[in-house]
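Step one of this worksheet: look at the structure below.
Residue numbers (my numbering): 626 to 981.
Below you can see the structure in the form of structure tokens.
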């Protein structure tokens, strides 16, 4: 059988490795540079595209309007248009470092990392020593797995300001990627010390202690939940730690909260509930129900098909077990557990000619 699995899709935290997605470049605790409020306009959340279009027609030289519209386009994953608007904003006002940072992010989303680095270096030529821009450049080097270059930039940042939480967080990510667990933990804790509401640092530290089977994982995940009570990631990982250590009621509470309050469309909480019923409680009927709910939400969930098949096998229904193992094999032809499952069934009850 497969153990409760770690999340594997966008919005689900990975256990230790950093995936090469833009997730690491956003939401990492970095505070945006203070803006001049002389051109203040409504935020993207409160202003529609059509309203901004009208405002831009009335004031076509207001750079902030273009930048705000770019953020709305980015929130809708229209990164090409976001990049176009941010470039216009920069042409109207090249003195705002946050414009360069935003442009770099849109370049990354458009698959143009070299252009992103070029934009940030252009800003540093105009405004040398801007730590926000330097940190974003280090993030991009990290995103590209250019760890040596990221370290150089972060060393320069440290000479300017050695109290930046984001700097320690990025150093922690580099340590994580270079398999320096002790260094990663130390840096994530430093980030938290500098910025006690640094959600991402709590999550990363918690993952490391989860991997070490250390109860400190509970502290870090709970701290993340205190900051973001409806975080799928934090609650899932806390539930996973509880589950792995036999705290089944606590695990159930976290998974149920996710299903009822946060997101009922994600398959892993249902999968893990099925695992608890199958492995810890021996209730194969309930396990089948939970694995079925996971499959409804993700029909390509190979592990859920396999574990439902295993539950059927344990429950004595070899026909349904065979069907699920075969489905797992269709999704993952070299899936070893499904192959073994089919072999077990063949040993118990040889196939008849009409089943061949």
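All C-beta atoms, glycine included, are put in the ideal place defined by N, C-alpha and C.
Quick check on the DSSP output: the alpha helix (DSSP H) that includes residue i runs from which residue to which?
| i | result |
| --- | --- |
| residue 818 | 806-819 |
| residue 972 | 961-973 |
| residue 870 | Note, residue 870: premise wrong, no alpha helix (DSSP H); not H, not E. |
| residue 693 | 688-700 |
| residue 800 | 790-802 |
| residue 842 | 841-852 |
| residue 705 | 704-717 |
| residue 855 | No alpha helix (DSSP H) contains residue 855, which DSSP labels as neither H nor E. |
| residue 675 | 674-683 |
| residue 759 | 756-768 |
| residue 827 | 824-836 |
| residue 771 | Where residue 771 is concerned, there is no enclosing alpha helix (DSSP H), given that its DSSP letter is neither H nor E. |
| residue 957 | Neither: residue 957 is in no alpha helix (DSSP H) and is coded neither H nor E. |
Could you say which of the options lies nearest to residue i if we only look at CA atoms?
| i | options | result |
| --- | --- | --- |
| residue 756 | 780, 917, 704 | 780 |
| residue 799 | 817, 951, 820, 777 | 777 |
| residue 912 | 920, 835, 906, 902 | 902 |
| residue 861 | 690, 811, 891 | 891 |
| residue 922 | 894, 934, 939 | 894 |
| residue 973 | 837, 854, 681, 946 | 946 |
| residue 951 | 709, 810, 928, 719 | 928 |
| residue 935 | 908, 966, 954 | 966 |
| residue 865 | 848, 917, 836, 679 | 836 |
Less than 9 Å separating the beta-carbons of residue i and residue j?
| i | j | result |
| --- | --- | --- |
| residue 717 | residue 686 | yes |
| residue 795 | residue 764 | yes |
| residue 843 | residue 863 | yes |
| residue 983 | residue 851 | Nothing can be reported for residue 983, as the shown portion of the chain is limited to 626 through 981. |
| residue 714 | residue 735 | no |
| residue 724 | residue 688 | yes |
| residue 746 | residue 762 | yes |
| residue 826 | residue 846 | no |
| residue 806 | residue 855 | no |
| residue 613 | residue 809 | No answer is possible for residue 613: it lies beyond the span of the chain, which begins at 626 and ends at 981. |
| residue 793 | residue 816 | yes |
Can we say the segment 782-792 touches the segment 741-753, given the rule of at least three CB pairs closer than 8 Å?
no
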